[in-house]
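One structure below.
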Amino acid sequence: MPASPIILHHFDESPFSEKIRLIFGLKKLAWSSVRISRIMPRPDLMPLTGGYRRTPVLQIGADIYCDTQCIMRELERRFPEPMLLPKGYQGLAWGSAMWTDRSFFQNTVNLVFGTNADRVPAEFIADREKLRGAKFDVAAMKDAIPQMRDQFRAHLQWIDAQLADEREWIAGDTPSLCDINAYMNLWYVRSNLENVDEMLGEFDHARAWAGRLRAVGHGTRQEMTSAEALEIATRATPETVEQHDPGDPNGRKPGDRVEVVPDDYGKVRVAGEIVALSPQHIAIRRHDPRAREVVVQFPRAGFHVFAA
Ligand SMILES: N[C@@H](CCC(=O)N[C@@H](CS)C(=O)NCC(=O)O)C(=O)O
């Protein structure tokens, strides 16, 4: 089978990557999987992203998409069937990530690492301290387990309440980004904690819903090496087309040199020249000695843009 041009740089334990793998499942896509290490360095990926160091990253030829928000947007654009933006709830479906990926996920991650505090390798802690720019304090996380359990339960109860009228999916009859975003947290605890059935015990609707999502699968996956993926980028030409945003509040436009950086953690600035921008995305052209010319895209919400 020839390799799919849809390349996901990810690691199997990554909950954010699971969102994208599930979208491949829902859209029945074939994709190429590049397994990256859980910690830096990632020498064949950095030439593509320009230093962005979070997981996952989507690559199609010489076009690189950073952050699940941006990856979802591009997959929705290229493969609109089935649509994952529920009718009447499109804005909320996108906005749901700000709940699921930030406050919900921060609780989930603290619960997981607090519970497994004695088994976290020192190299992993050192890597994540660099990523966060703050101490990755597994002892404090362990102390906070009771509070994190309360938080997790409260978030979970919202999902259960949303499903209480016996609907199958959060926004109605079909799965959407709302489901994928929220489910990531359940998938992550199930992959790392032993007492998940107990945690889900009182939430019949959420438990059944999580089972439905688990059954979706990941589409058709084929492994590819990071060197092959890099080679594909060097041979391709970026396809992102120029796009102006007349409403840009700072007057930014194609041709401007900028730096783009996440506003929460992994704050590595990626520099390039704007190719396209809108209220929800920014694409910048970069030249790299190994990757050659690439266009790297980021979301706007949750990312800051500075004049370079
Ligand atoms: N907002 C990002 C968050 C991604 C994220 O934090 N991913 C975790 C792994 S699941 C990560 O980057 N960890 C550090 C790393 O892989 O270097 C997204 O939606 O893609």
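Mapping of the sequence shown onto the working numbering: position 180 corresponds to residue 200, and the numbering continues sequentially without gaps.
Glycine is no exception: its CB is placed at the ideal position from the N, C-alpha and C atoms.
Alpha carbon of residue i to alpha carbon of residue j, nearest angstrom
i: Y85; j: E279; result: 15 Å
i: P258; j: E313; result: 7 Å
i: F31; j: A296; result: 29 Å
i: D87; j: P166; result: 31 Å
i: Q182; j: E251; result: 46 Å
i: Y72; j: G286; result: 7 Å
i: F125; j: N205; result: 6 Å
i: C198; j: A154; result: 30 Å
i: A230; j: Y203; result: 7 Å
i: L104; j: M21; result: 28 Å
i: F44; j: I80; result: 14 Å
i: F144; j: F318; result: 26 Å
i: Q89; j: G70; result: 18 Å
i: S211; j: I302; result: 33 Å
i: L95; j: D64; result: 23 Å
i: R232; j: F326; result: 42 Å
i: A113; j: P106; result: 7 Å
i: V222; j: F172; result: It is worth fixing the name first, because residue 222 is Glu in this sequence and not Val. Distance between the alpha carbons of E222 and F172 is about 13 Å.
i: G111; j: P266; result: 21 Å
Terminal residues of the alpha helix (DSSP H) in which residue i lies
i: E38; result: 35-46
i: L197; result: 197-212
i: L250; result: 246-255
Inter-residue CB distance, residue i and residue j (contact presumed, cutoff 8 Å)
i: R305; j: E293; result: 5 Å
i: F323; j: D283; result: 6 Å
i: R241; j: S53; result: 5 Å
i: L28; j: I40; result: 6 Å
Residue i Cβ short of 7 Å to ligand 1 heavy atom set
i: P61; result: no
i: P141; result: no
i: S246; result: no
i: T120; result: no
i: F156; result: no
i: R74; result: yes
i: L151; result: yes
i: F36; result: yes
i: T254; result: no
i: T128; result: no
i: T240; result: no
i: T88; result: yes
i: G286; result: yes
Residue range of the beta strand (DSSP E) that includes residue i
i: H324; result: 323-327
i: R73; result: Looking at the DSSP string, R73 is not in any beta strand (DSSP E), and its letter there is neither H nor E.
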